[in-house]
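Residue numbers (the UniProt record's numbering): 1 to 358. A virtual CB, placed ideally from N, CA and C, is assigned to each residue, including glycine. Quick caveat, the model's predicted, so the values are computed rather than measured. Everything on this sheet refers to the single structure shown next.
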Amino acid sequence: MSASVRVFASASSWIESAAVDQCHQVAALDGMRHVAGMPDLHPGKGAPIGAAMHSEVLYPVLVGSDIGCGIAVFPISLKRPVPEKLAGRFPDLDHSPAPDDPAWDFVGRDVPLGHLAGLGTVGRGNHFVELARVEPVGAGSPPAGPGSLVLIVHSGSRGLGESILREHTSQHGAGPAASPADYLKAHDEAVRWGSLNRRLMAARVARALGADPADPIVDECHNLVEWRDGGYLHRKGAANGDGRDVLIAGTRGTRSYLVRGHAGPEAGWSVAHGAGRKMSRSDALRRGRAKHTVEELRRTPVGSFVVCGDRQLLFEEAPTAYKKIEQVVGDLTEFGLATPLAATVPLVTYKTADRVRR
1 MSASVRVFAS ASSWIESAAV DQCHQVAALD GMRHVAGMPD LHPGKGAPIG
51 AAMHSEVLYP VLVGSDIGCG IAVFPISLKR PVPEKLAGRF PDLDHSPAPD
101 DPAWDFVGRD VPLGHLAGLG TVGRGNHFVE LARVEPVGAG SPPAGPGSLV
151 LIVHSGSRGL GESILREHTS QHGAGPAASP ADYLKAHDEA VRWGSLNRRL
201 MAARVARALG ADPADPIVDE CHNLVEWRDG GYLHRKGAAN GDGRDVLIAG
251 TRGTRSYLVR GHAGPEAGWS VAHGAGRKMS RSDALRRGRA KHTVEELRRT
301 PVGSFVVCGD RQLLFEEAPT AYKKIEQVVG DLTEFGLATP LAATVPLVTY
351 KTADRVRR
């Protein structure tokens with residue numbers, strides 16, 4: 001008998017039938033109890049993205065390869081920020097910092113599993129580092145005040161998480177973990193590595209922009225598994241919504257939203273992690289090239305600048321490839337899963353180094 005499935009999305013939300021089908025496929029797995037789909041739900045490789053899946057059995061493929069991926073928010077103080085000038089001062093986050101980079105002094109050198117490869121780098125896909133301005137929303141009290149600036153860092157465990165999943169799938173495919181304890185030991189280190197990676201990048205950017213690094217006011221992982229209520233709670237593109245503050249990412253051309261989650265077991269104690277894709281990368285590339293120029297995509301509708309030396313990635317990650325973030329946050333609010341606290345408006349979004357312009 002399949003587990004229960006519930007998708008927290010209103011009738012006006014864009015939810016692909018393929019994503020709902022994946023939820024039901026996961027629900028049919030041995031030991032599965034409940035699958036909760038968030039309003040940013042969309043199809044993934046082997047499992048839906050934007051879902052919390054509660055099971056008596058641990059399935060590493062439901063977490064995926066980017067174990068520990070999450071979004072952190074760091075306060076930053078800059079005098080009279082000029083986005084166009086600041087865009088040219090972002091460091092090269094495609095490469096790890098040098099051993100003598102002062103950012104190490106802020107985060108320390110306790111590296112989980114001693115895995116240095118890729119540490120302090122953002123990666124590709126939907127990962128980013130963004131300088132943004134905080135705007136008030138609703139009556140909540142956000143941890144960063146209106147008008148203040150923040151760095152938003154979205155990245156995970158890079159090659160470390162990939163190697164952990166590969167080790168499992170090479171022996172067990174999409175099946176359950178043969179030894180949950182052994183998998184969780186490596187998994188927990190990858191989660192710790194992802195958080196360190198976000199802190200190191202924030203420190204690098206802060207120093208490059210002439211500011212002092214700071215600890216995050218929000219750092220929530222959305223790809224992980226944890227023991228909860230007598231079972232394994234897998235989150236794939238879903239953030240901890242049980243009394244936590246979470247940054248739900250929009251796109252580089254729209255606001256993002258800081259919310260306070262108060263989701264219960266029916267929602268897998270989770271909230272959405274972003275706007276969620278509504279186009280595949282190939283569709284976004286094809287449609288984007290027909291509608292936009294590269295220069296149009298470097299300057300967004302909200303007046304911010306995009307640092308991205310990969311033209312294909314510019315089109316794949318165009319704002320039009322994603323759902324409307326206001327709809328996602330509105331659904332979370334309507335279903336009682338979260339309360340908006342503030343919005344963040346992008347000033348500079350870093351995707352990958354723009355080597356042509358440097």
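Worksheet entry | Inter-residue spacing [alpha-carbon to alpha-carbon] between A318 and A343 | Inter-residue distance for A318 and A343 is about 20 Å (C-alpha atoms, whole angstroms).
Discussion item. Comparing C-alpha positions only, which one of V7, L151, P81 sits nearest to residue 378?
Written reply: Since the first residue of the chain shown is 1 and the last is 358, residue 378 is not available in this structure.
Discussion item. Which of the three DSSP states is assigned to S2 in this structure?
Written reply: In the three-state scheme derived from DSSP, where H, G and I count as helix and E and B as strand, S2 is classed as coil.
Discussion item. Restricting to Cα atoms, I'd like to know which of A263, A338, V345, H234 is closest to G31.
Written reply: When only C-alpha atoms are compared, the closest one is H234.
Item to complete: Identify the continuous beta strand (DSSP E) that holds P99 and give its terminal residues.
Response: DSSP places P99 in no beta strand (DSSP E); its state is neither H nor E.
Worksheet item: Between S13 and H115, what straight-line distance do the alpha-carbon atoms span, to the nearest angstrom?
Response: In this structure, the straight-line span from the alpha carbon of S13 to that of H115 is close to 41 Å.
Worksheet entry | Entirely enclosed alpha helix (DSSP H) segments - the region 270–326, minimum 4 residues | For the region 270–326, the continuous alpha helix (DSSP H) assignments of 4+ residues that do not extend past its boundaries occur at 281–291, 294–298, 311–316, in sequence order.
Worksheet entry | Closest residue to S65 among A174, L78, G120 (Cα-Cα distance) | For the residues A174, L78, G120, the minimum Cα distance to S65 belongs to A174.
Worksheet item: Buried or exposed: which applies to residue 383, given that a residue is buried once 16 or more other Cβ atoms fall within 10 Å of its Cβ?
Response: Lying outside 1 to 358, the shown extent of the chain, residue 383 is not represented and no answer is given.
Worksheet item: Taking Cβ positions, are R204 and D354 nearer each other than 8 Å?
Response: No, these two residues do not count as a Cβ contact at 8 Å.
Worksheet item: Once you ignore the five residues that flank A178 on each side, which residues in its own chain have a CB closer than 7 Å to its CB?
Response: Once the five neighbours on either side are set aside, the close Cβ partners of A178 are H172.
Worksheet item: Taking the DSSP output, what are the residues bridged to M32?
Response: Beta-bridge pairing links M32 to S55.
Worksheet item: On the three-pair Cβ rule with 8 Å, is the region 240–254 touching the region 10–28?
Response: No, the region 240–254 does not touch the region 10–28.
Fill in: Per-residue DSSP class, three states only, for L337
DSSP, reduced to helix, strand and coil, places L337 outside both helices and strands of the structure shown, so it counts as coil.
Discussion item. Distance check for I15 and L347, CA to CA, integer angstroms please.
Written reply: Distance between L347 and I15, taken at the CA atoms: about 30 Å.
Item to complete: Please name the residue or residues paired with N240 in a DSSP beta bridge.
Response: DSSP lists S270 as partners of N240.
Worksheet item: When DSSP labels each residue in this structure, what does R158 get in the three-state scheme?
Response: Three-state result, R158: helix.
Discussion item. Looking at E220: is its Cβ nearer than 8 Å to the Cβ of N240?
Written reply: A Cβ-Cβ contact shorter than 8 Å links E220 with N240.
Item to complete: Look up T169 in the DSSP assignment and say whether it is helix, strand or coil.
Response: Helix.
Discussion item. Closest to W227 by C-alpha separation, out of K323, R199, V7, L58, would be which residue?
Written reply: Nearest of K323, R199, V7, L58 to W227, Cα basis: L58.
Item to complete: Check whether the Cβ atoms of R80 and A208 sit closer than 8 Å, and answer yes or no.
Response: Not in contact: R80 and A208 (Cβ atoms no closer than 8 Å).
Worksheet entry | Cα-Cα separation between G108 and L200, rounded to whole angstroms | Spanning the two alpha carbons is a distance of roughly 9 Å.
Discussion item. Going by DSSP in three states, P39 sits in which element: helix, strand or coil?
Written reply: If DSSP states are grouped into helix, strand and coil, P39 belongs with the strands.
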